[in-house]
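Reading through the structure tokens given below for one structure.
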Amino acid sequence: MPPPPAYLPRPISLQAILDESSSNSTSPSIDLQWEPFQKHVESFLNAIDAYTIAAKTEIAARATDHVNTMRDLKAEKEETERRIHLEREREGEMLATLETERHTLTDLTSSLNHLQSSLQKVKDQSSSLENEINHLRKSNTSEKTEKDRQQSRLNEMRKRDEDELIELEESIGLRVEAVKRDLLMIRFTLLDPTDPQREFSFLIDISKQDYSVPNCDPPLANLPDLLQQLNHDREFFAFIKRVRKSFRALIPIPAPSTKFDELSGPGLGLRTPAPPTLLGSRILSSSTRENVVVDSHAIESLSLTNRIVK
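Quick note on numbering: the sequence shown equals residues 1 to 310 in UniProt numbering.
Put into structure tokens, the structure is as follows:
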């Protein structure tokens, strides 16, 4: 709607109107130009009405926008409050987790300190053990050297004793061999003057409390009596001498006395214990100057258990 034309009032002079009415002898009158004024007023009122309608429309639109805005803001507020609540819950959980981790860190720190202390103790112990090991190694090396020296000496003595043993066996005509565990073969020679190398032997079982002779070559008629006497007095060396004497009695012309006949018994040194054991000492070696007990396991490495020194 175009704006109404500008209404400008016409200036009026009252003096001029009075002078004109006096000259014409008429009543003074003023032309107020009502119609233009009325049109102007109507145009003004129409403009006010149009402005009012436009303002109401704008206000209504703004009100709608405001309502929508408030609704959106309320929704955003609720969403924000919900997020704030969730964040507070997460914050509480994080604080609880941090507290737990703090306690865990404290425990781990304490454990670490304890482990470091234990590690230091272990290091100290390790150092002490290392020193002890080094000392033991040196001692072991020294002992090994000494043992090697002793072993070398023993080997020399063993070789010499073996040579002496062979000479003794040939000299006295007696050999004792371990057939197997707790079973001995005793062989005699130099009994028959017509055949000095002829063997007279018997096998004796020492595994039980009472001795037994499973085999005797040649057989002896008085062997049961000799065994009974052995099981009674436990004099093993005397038993060997009695058996050898019985073998000599089988020869029509006995051989002259040998070095074996000159040997005296070892006395108590050769007496076997009353209850013989399977693993105990069985055979005793005799000497005019020493009595030695020989273990049954060691017999297997010897051909003669009686080491006799003239």
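Beta carbons are placed, not taken as given, at the ideal position from N, Cα and C, and that holds for glycine.
How would you call residue i, buried or exposed, if buried means at least 16 neighbouring beta carbons within 10 angstroms?
i	result
Y51	exposed
I53	exposed
D192	buried
F44	exposed
T26	exposed
R102	exposed
A274	Model confidence at A274 stands at a pLDDT of 48, short of 50, so the residue's coordinates are unreliable; what they give is reported in the following sentence. When all chains shown are included, A274 counts as exposed.
L174	buried
Taking the alpha-carbon positions, what's the residue i to residue j distance?
i	j	result
S139	N131	12 Å
L226	E235	11 Å
H85	S110	37 Å
S212	S142	49 Å
L98	E79	27 Å
K121	E146	36 Å
L230	S207	14 Å
E156	R149	11 Å
L108	R90	25 Å
D210	Q125	58 Å
R242	L165	23 Å
N113	G92	31 Å
E169	H232	29 Å
T189	Q228	25 Å
R62	E35	39 Å
H40	D72	47 Å
With distances taken from CA atoms, which of the options is nearest residue i?
i	options	result
T246	I17, D124, F202	The sequence given here places Ser at residue 246; Thr does not occur at that position. Comparing Cα-Cα distances from S246 to each of I17, D124, F202, the minimum goes to F202.
I251	A238, F237, F200, E93	F200
T194	R242, R248, R153, E42	R248
I204	P196, R198, P214, Q197	P214
- If we count Cβ pairs, one from each stretch, closer than 8 Å, do we get three or more for the region 179-193 versus the region 153-167? Verdict: no, contact absent.
- Item | Three CB pairs or more closer than 8 Å across the region 219-228 and the region 165-184 | With a cut-off of 8 Å, the region 165-184 and the region 219-228 do not count as touching, because too few Cβ pairs lie within range.
- Whole runs of the beta strand (DSSP E) within the region 138-223, excluding any shorter than 3 residues: 174-180, 183-188, 200-205, 212-217, all fully within the region 138-223.
- Runs of beta strand (DSSP E) wholly within the region 68-126 (minimum 3 residues, chain order): If we require 3 residues or more, the region 68-126 turns out to have no beta strand (DSSP E) run fully inside it.
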